[in-house]
Amino acid sequence: MKMTRRKFLDTTASVSAAALCGCVTSGLAAAKKPGMVWGGLLHLGGNFWDDAPLPWDQMPTDPEAAAKVQGPCGKPVRVRNYVRCEEPVWRRLTKTLADEGSNAVCVDLGEAMVYPSHPELAVKGSWSFEKVCGEIERLKALGLTAIPKLNFSTCHDAWLKDYGRMVSTPEYYRVCRDVINDVCDAFGEAPYFHLGFDEEMPIAQFNNSCLICRQDDLWWHDLLAFVAEVEKRGKRAMVWSDYMWTNRRLFLKRMPKTVLQCNWYYRLDFGEKMLKWNEEFEKKGGWGECVHGVVAFVELEKAGYDQLPCTSNFFRDGVHDPFVAFCKAHIASERLKGFMTAPWALSVAEEEAKSVRGIREFGAAKRKYYA
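Given below as structure tokens:
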């Protein structure tokens, strides 16, 4: 398959946020508008939590040895120098998604593909570009649109290996540009591209050997640069919306309406107290899901953003029904672009049951509220 390459941004020059906010290209405008998405986020890659406490060429590829590698908190790190996705499990999970009425799978790709432009990012067992393309065709035959996800949050970018410690440098921009375009080539007509950008704060990096957090203009510069790159390829960028939980006014001022918002909430409390914005908490900062996770859906609706809400059985089962009911009641149908479930379990046999339970709950909620 012929690779296409698009010009990114001149990383030696300043890119204004105002210019990037208006960057909706003719390719994006002409893209086919997808129907309502019912998607599950599943993992091909898994290097999205912690970081490598050793040089990558010293990270073990033996599972038993890898499990003993610890981070600064004395806890085992969750990154690996090999792909953990078990293909039979992956195939069963995607088949279950289709059987339960989903029409999309958000593929958390990370280190699981050999990027043609940067094969040095591969680990033991990374899928070839051609194999990923073939898998997308298999998913299509199941009735599932494959939506790519690469997380560029500094909290979830261990898959970038050493480039994840070169954040906001010309080399970093070059590599990120290249892999975005590799993924766009592989995923073809996928209407969306998930860029992640969640939880970029010190509290989420407690077991990292190297803590990196962009703030203010730099965070926005990089986000908007990657949004622009995705839009140039005729795809709509998706991001997690939790930056808003502690930066509401700035978020509503600077986040383009072209970016599809994936606010997330994994709990069961949808009471009145959850519908009020807590100004004091916003000033202090911290983990905001239990404070602003629910009200953020309402604030995004008031501001006119398109949304694709995400829930999960990460903490417990029984979350999907009340979640879908709440979002359907509080988000206008023209701005509610679908729903997503993210079990946050690897595609391995020991975690398969958790994913299956989440997928089946998700399917039941779909049939109940969108028969």
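In terms of my numbering, the sequence shown opens at residue 55 and continues consecutively. Virtual Cβ for every residue (Gly too), placed ideally from N, Cα, C.
From Thr115, Trp103, Leu147, residue whose alpha carbon lies closest to that of Cys209: Trp103
Sub-7 Å separation of Gly339 and Val91 beta-carbons: no
Extent of the continuous alpha helix (DSSP H) run through Cys344: 343 to 346
Nearest-angstrom beta carbon gap, Arg268 and Glu254 [assumed within contact, 8 Å]: 6 Å
Same chain only: Cβ atoms within 6 Å of Val284, ignoring 5 sequence neighbours per side: Phe247, Ala291
Whole-angstrom C-beta distance between Thr148 and Val159, which should lie under 8 Å: 6 Å
Buried or exposed (CB count within 10 angstroms, at least 16 for buried), Pro173: exposed
Inter-residue Cα distance where the pair is Cys316 and Cys230: When rounded, the distance between both Cα atoms is 21 Å.
Contact check, Ala419 vs Asp375, beta carbons under 7 Å: Contact annotation: Ala419 and Asp375 have beta-carbon atoms nearer than 7 Å.
Assigned exposure category for Cys264 - 16 Cβ within 10 Å defines buried: Taking a 10 Å sphere around the C-beta of Cys264, we find fewer than 16 other C-beta atoms and assign the residue as exposed.
Identified DSSP bridge partners for Glu131: The sequence shown places Val at residue 131, not Glu. In the DSSP output, where bridge partners are listed per residue, Val131 has none listed.
Cβ-based burial, Cys127 [other Cβ within 10 Å; buried from 16]: exposed
Where Val159 sits in the DSSP three-state scheme: In the structure shown, Val159 sits in a strand (DSSP, three-state: E or B).
Cα-Cα separation, Ala258 to Phe251: 13 Å
Residues of its chain near Ala176, where Cβ-Cβ distance is below 6 Å and the 5 sequence neighbours each way are ignored: Val168
Arg268 in three-state terms, based on DSSP: coil
Buried versus exposed, by CB contacts within 10 Å (16 or more), Phe369: exposed
Distance CB(Thr365)-CB(Val373) smaller than 7 Å: yes
Leu322 classed as buried or exposed, judged by whether at least 16 other C-beta atoms fall within 10 angstroms: exposed
Supposed contact pair Tyr319 and Glu343 - C-beta distance, whole angstroms, cut 8 Å: 6 Å
Residues sharing a beta bridge with Val91, DSSP: The partner list for Val91 (beta bridge, DSSP) reads Gly392.
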